[in-house]
Amino acid sequence: MSDIFQEIDEELRQDKAARLWKTYGKYLISLAVCIILGVAGYRFMDHKAEKSRERASELYEIASESGRSGDLKDAIELFSDPSFEGILGYSIISQMQKATLARKNNDFDGMLIALKKIIDDEAIPLYLRDLARLNFLAANSNNNINLADLPYLNALIEENGPWKFLALELKGGLELESGNLESARSIFRDLIDEADTPNSLRRRATEILKALP
42 MSDIFQEIDE ELRQDKAARL WKTYGKYLIS LAVCIILGVA GYRFMDHKAE
92 KSRERASELY EIASESGRSG DLKDAIELFS DPSFEGILGY SIISQMQKAT
142 LARKNNDFDG MLIALKKIID DEAIPLYLRD LARLNFLAAN SNNNINLADL
192 PYLNALIEEN GPWKFLALEL KGGLELESGN LESARSIFRD LIDEADTPNS
242 LRRRATEILK ALP
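Residues 42 to 254 in the numbering used here are what the sequence shown spells out, letter by letter.
Laid out in structure tokens, this is it:
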């Protein structure tokens, strides 16, 4: 009888860990927007004196204000304006903002479409496309567990680049979702033990690890 209760307890803990991962995975897109704004923002604001950039700058502010006021549908439409196309900084940010707003509006397909547009645009720097793809995989993993994505994540981890820890966290989430608990446990331990792991990721990894059976 005790074995049955132990098995039930382990299943409940695994389910709790999986729910934690699903919750945390939703915030990757918001993080991505903050990173791009912080890293690239100043570059494409320097030349907003040009007419096309002036228009994009004004439209971006209007769309952002609509989003802040809660008019998500209007904000998404504004971020879809052709004025953003061909202006590298704004074209990236507008798509990422669309993904963020679509998620808030429970439009899962719209979020994936916006991210896919960044991924497929070879004019966008690779490191930003990698970030969009990480977000795409994180969002999609909540509905479709795809271990075929692991080689891509492993490559980002081995490159030791800017998205190493996000890739490691996502890999742990995929392993958890697929039921590979030992592998997931090992990955989240690595996140905790790595000296350079951002504090927010370390806290999430610690919480998920505690929830695992």
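Beta carbons: idealized from backbone N, C-alpha and C, even for Gly.
I need the DSSP call for residue i, collapsed to helix, strand or coil.
i	result
residue 176	helix
residue 192	helix
residue 123	helix
residue 130	helix
residue 105	helix
residue 163	coil
residue 135	helix
residue 148	coil
residue 232	helix
residue 202	coil
residue 238	coil
residue 111	coil
residue 221	coil
residue 253	coil
Using a Cβ-Cβ cutoff of less than 8 Å, which residues in the same chain neighbour residue i once the five nearest sequence positions on both sides are dropped?
i	result
residue 233	243, 246, 247 and 250
residue 50	Summary for residue 50: the model assigns pLDDT 47, below 50, so the residue's position carries little reliability; its value from the coordinates is reported in the next sentence. Contacts found: 254.
residue 103	119
residue 127	93
residue 88	At residue 88 the pLDDT is 47, less than 50, meaning the model places this residue with poor confidence; the figure from the coordinates comes in the next sentence. 94.
residue 239	206
State yes or no: is the C-beta of residue i within less than 7 Å of the C-beta of residue j?
i	j	result
residue 173	residue 154	no
residue 224	residue 216	yes
residue 4	residue 122	Limits of the chain in this structure are 42 at one end and 254 at the other, which puts residue 4 out of reach.
residue 258	residue 96	Here the chain has residues from 42 to 254 only, and residue 258 is not among them.
residue 214	residue 229	no
residue 152	residue 116	no
residue 146	residue 175	no
Got a sec: is the Cβ-Cβ distance from residue i to anything in chain D below 7 Å?
i	result
residue 203	The chain inventory of the structure shown lacks chain D, comprising one protein chain alone.
Spatial neighbours of residue i within its chain, please: CB distance less than 7 Å, with the 5 preceding and 5 following residues excluded, ordered by chain position.
i	result
residue 203	168
residue 241	none
Below 8 Å on the Cβ atoms is my contact criterion, and I expect residue i with residue j to pass it. Report the Cβ-Cβ distance as a whole number of Å.
i	j	result
residue 178	residue 211	6 Å
residue 197	residue 171	6 Å
Leaving out five residues on either side along the sequence, give the residues of the same chain with a beta carbon under 6 Å from the beta carbon of residue i.
i	result
residue 138	120
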